[in-house]
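**Q** Residues in the sequence shown are numbered from 0 upward in steps of one, following numbering that gives the first Met the number 0.
We treat Cβ as the ideally placed atom computed from N, Cα and C, and that holds for glycine.
Predicted, not measured: the structure shown is a model, and the values here were computed from it.
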Amino acid sequence: MLSICHHWRDVAIKASELWTTVHIPLDLPLPATQAFLERSKGRLIDVYIRAVNTDPFISCACDAAVIAAVTAPHIPRVRTLDIVLPDSDLYTIFSDAYRSISATNLIGLSIHLDVPFWKVGTYPEALFVANSSSLCHFVAQGNFLNVVPSRTSLTTLELSKYSPSHMELQDLFNSSPYLETLILHVFDRNALDPTIEH
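(1) Give the straight-line distance between the Cα atoms of Q40 and G107, rounded to the nearest whole angstrom.
(2) For V146, write down the residues that DSSP places opposite it in a beta bridge.
(3) When the Cα atoms are used, what is the spatial distance from I94 to L17?
(4) What are the boundary residues of the beta strand (DSSP E) that includes A139?
(5) What does DSSP give as the partner residues of P24 in its beta bridges?
(6) Work out the CA separation of H165 and S109 for me, nearest whole Å.
(7) How about R98 and I44: do their beta carbons lie closer than 8 angstroms?
(8) At the 8 angstroms Cβ level, is L27 part of the contact set with chain E, yes or no?
(9) Starting from D81, follow its DSSP beta bridges and name the residues at the other end.
(10) Report the residue from P75, I182, L178, D170 whose alpha carbon sits nearest the alpha carbon of Y161.
(11) Could you tell me the distance, in whole angstroms, from the CA atom of L126 to the CA atom of D86?
(12) With 16 as the cutoff for other CB atoms within 10 Å, does F172 come out buried or exposed?
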């Protein structure tokens, strides 16, 4: 609509309901991201962050820090947050930026790190947001269960590359009384070890 003519461009810019879903690749110019967030005018928004770098020799840390800083003030009105990152270092950047922010409108959270497998003890322990009392849908790669402050409202949980023990499963159901759907991808513990042949 922005490219049709000046009239439709003005209409589109003023219509905040058109600016409720923002896709933020790492190479998106910062002014475009800021303009999008401003045009949503306080509405609930869905944010999709793709901070995946195809060049292993180029660091994404600076860009990720800028994106985290720009989006952090808007976290209280985020309805869906979907993040794809190349490694745990970038996850820490976003987590540090969002950790003290209350995300009471957050209904869906998806965290995906492009790592082939997780080593035991390397899962993040710190909270990702300060409050997620409305969180219903949580999708994660690895054991990210500790990064949400509460799982009581969860109805859907999807985990990949994580094989919970019997006790962990019991705790999961005890802490998520409304859980209706549990999806575990790569449930076989041996599947997490690339040295074991199947």
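**A** Taking the structure as given:
(1) Position 41 of the sequence shown, counted from the start, is the residue given in the question as residue 40. Position 108 of the sequence shown, counted from the start, is the residue given in the question as residue 107. In the sequence as displayed, the identity of residue 40 is Lys instead of Gln. For K40 and G107, the distance between alpha carbons rounds to 21 angstroms.
(2) Working through the sequence shown from its first residue, we reach residue 146 at position 147. DSSP output for V146 lists no bridge partner at all.
(3) On the sequence shown, residue 94 is found 95 positions in, with the first residue counted as 1. On the sequence shown, residue 17 is found 18 positions in, with the first residue counted as 1. Correcting the residue type first, residue 94 is Ser in the shown sequence and not Ile. Rounded to the nearest angstrom, the two C-alpha atoms are 28 angstroms apart.
(4) Taking the first residue of the sequence shown as position 1, residue 139 is located at position 140. That run of the beta strand (DSSP E) goes 136-140.
(5) Position 25 of the sequence shown, counted from the start, is the residue given in the question as residue 24. Per DSSP, the beta bridge partners of P24 are R49.
(6) For the purposes of this step, residue 109 is identified with residue 110 of the sequence shown, where counting begins at 1. For the purposes of this step, residue 165 is identified with residue 166 of the sequence shown, where counting begins at 1. Roughly 24 angstroms separates the two Cα atoms.
(7) For the purposes of this step, residue 98 is taken as the residue at position 99 of the sequence shown. For the purposes of this step, residue 44 is taken as the residue at position 45 of the sequence shown. No.
(8) Of the protein chains in the structure, only one exists, and it is not chain E.
(9) Mapped onto the sequence shown, residue 81 falls at position 82. Looking at the DSSP assignment, D81 forms a beta bridge with Y47, S109.
(10) Mapped onto the sequence shown, residue 161 falls at position 162. Comparing Cα positions, the closest option is I182.
(11) Start at 1 with the first residue of the sequence shown, and residue 126 comes out as number 127. Start at 1 with the first residue of the sequence shown, and residue 86 comes out as number 87. So the two alpha carbons sit approximately 17 angstroms from each other.
(12) Residue mapping note: residue 172 aligns to position 173 of the sequence shown, counting from 1. By the 10 Å Cβ count, F172 comes out exposed.
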